[in-house]
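First comes the structure, then the notes that go with it.
Protein chains: 2
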Amino acid sequence: MLTIGNLAKRTGTKVQTIRYYEQIGLMPEPGRTDGGQRRYREAELDRLSFVRHARQLGFSLEAIRELLDLSDHPGKSCAEADAIARRQLRQVEQRLARLEALRSELTRMVHECSGGQTADCRVLEVLRDHAECLTDHDEIGA
Amino acid sequence: MLTIGNLAKRTGTKVQTIRYYEQIGLMPEPGRTDGGQRRYREAELDRLSFVRHARQLGFSLEAIRELLDLSDHPGKSCAEADAIARRQLRQVEQRLARLEALRSELTRMVHECSGGQTADCRVLEVLRDHAECLTDHDEIGA
DNA sequence: GCTTGAACCTCAAGCGGCCGCAGGGTGTAC
DNA sequence: GTACACCCTGCGGCCGCTTGAGGTTCAAGC
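Chains as they are written, first to last, in this note's numbering: chain A, 1 to 142; chain B, 1 to 142.
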């Protein structure tokens with residue numbers, strides 16, 4: 001029987017985050033001591049590990065909810081889980097492309113800065129110069 | 001004299017976002033018509049373009065506030081702006097590294113999925129298998 | 001058995017960076 | 001003069017947590 005603090009340590013999660021997951025129904029309500037403190041078992045450790053791992057892979061909580069649901073129903077087709085992963089992969093690739101563009105622009109800015117006064121700072125100049133804008137008006141991939 | 005809607009169009013910003021920037025003091029309070037509608041000039045268009053461009057490069061609003069302040073004082077040393085940009089570059093590089101790791105793991109997951117039932121789905125298996133966790137417990141770079 | 005102090009509890013609000021809606025007023029073209 | 005697109009304020013919502021206040025419980029040491 002794990003306390004919430006131990007569960008937190010073993011999964012690299014904050015205590016509050018675990019309670020948050022319970023609140024939004026991602027983690028089940030655990031057993032309690034007479035005094036009302038939560039106590040967890042291995043099954044819950046596994047579930048939380050699943051969630052954390054998926055979060056690290058960039059899945060949204062909604063996607064994780066779907067994945068957990070699939071995982072809870074082993075008879076279902078794998079296609080859905082696969083689709084979620086593929087969707088996620090596409091997103092990651094888009095973000096990567098975006099970030100690479102950012103890196104090159106930032107690198108250029110930083111390297112061209114001569115270190116004088118702000119009046120001729122290349123960093124500020126690039127930001128000011130509308131013509132050098134990234135071409136589209138997308139949101140940032142961050 | 002631009003209406004807020006035109007300013008929005010010319011900078012690829014939502015009207016509400018411009019009002020939000022004004023509210024948090026990133027954009028100055030503009031002039032108003034007798035009826036109370038905002039009217040903008042070129043200077044404000046430039047400032048907003050600067051902000052949007054910096055946002056596209058992933059700078060936080062706080063960083064942008066500093067950059068704007070530097071830009072408003074052309075006599076100051078450029079070093080600070082340079083430092084902000086370098087910080088941003090480091091962050092971008094960290095995210096890139098993180099995302100690249102995610103991509104390879106997701107790619108592996110997707111390639112290994114055999115298309116059967118969820119019981120033998122690699123996607124879910126990888127997420128379940130604690131031993132395959134990314135080594136650290138960092139937050140995701142997203 | 002008693003005391004300490006770390007860990008737990010609930011509830012609520014806050015963060016960044018906006019977006020969207022309701023319910024109304026304005027500006028301009030015909 | 002009227003239609004209708006646009007503007008206004010204010011507030012609540014989004015995600016994925018985090019922080020804080022104010023109080024209770026548990027386990028170890030004496």
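Ideal Cβ positions, reconstructed from N, Cα and C, are used throughout, including at glycine.
Using the three-state DSSP reduction, which class does residue i fall into: helix, strand or coil?
i	result
S71 (chain B)	helix
V15 (chain A)	helix
Q94 (chain A)	helix
L26 (chain B)	coil
L144 (chain B)	Residue 144 (chain B) falls outside the range modelled here, since chain B spans only 1 to 142, and no answer is possible.
R41 (chain B)	coil
L134 (chain A)	Unreliable positioning characterises L134 (chain A) in this predicted model, as indicated by a pLDDT of 45, which lies under 50. A coordinate reading is not provided.
S77 (chain A)	strand
I140 (chain A)	For I140 (chain A), the predicted structure reports a pLDDT of 39, less than 50, and the residue's modelled location is therefore unreliable. The matter cannot be settled from this model.
Taking Cβ to Cβ, would you say residue i is nearer than 8 Å to residue j?
i	j	result
R32 (chain B)	M1 (chain B)	no
E80 (chain B)	L57 (chain A)	no
T118 (chain A)	S60 (chain B)	no
R103 (chain A)	V92 (chain B)	yes
L124 (chain B)	L45 (chain A)	no
R19 (chain A)	P30 (chain A)	no
D82 (chain B)	G116 (chain A)	no
V15 (chain A)	I4 (chain A)	yes
L89 (chain B)	E100 (chain A)	no
For the candidate residues the options, whose alpha-carbon lies nearest to that of residue i?
i	options	result
R65 (chain B)	B:A54, B:Q94, B:T17	B:A54
L127 (chain B)	A:I4, A:I84, A:L7, A:Q37	A:I84
C78 (chain B)	A:R90, A:P74, A:K76, A:V110	A:V110
P28 (chain A)	A:D69, A:K9, A:G35, A:D34	A:D69
E62 (chain B)	B:K76, B:R87, B:N6	B:R87
Among the residues of its own chain, which have a CB less than 6 Å from the CB of residue i, if the five just before and after it don't count?
i	result
S49 (chain A)	T11
E112 (chain A)	R122
R108 (chain A)	none
H73 (chain A)	none
N6 (chain B)	none
Within the same chain, show all residues whose beta-carbon is closer than 7 Å to that of residue i, passing over the 5 residues directly before and after it, in chain order.
i	result
V51 (chain B)	Y21, L26, I64
T13 (chain B)	L48, R52
A8 (chain A)	K14, V15, I18
G35 (chain A)	none
K76 (chain B)	L70
Leaving out the 5 sequence neighbours to the left and right, which residues in its chain are closer than 8 Å to residue i when beta-carbon positions are compared?
i	result
Q37 (chain B)	T3, I4
D129 (chain A)	none
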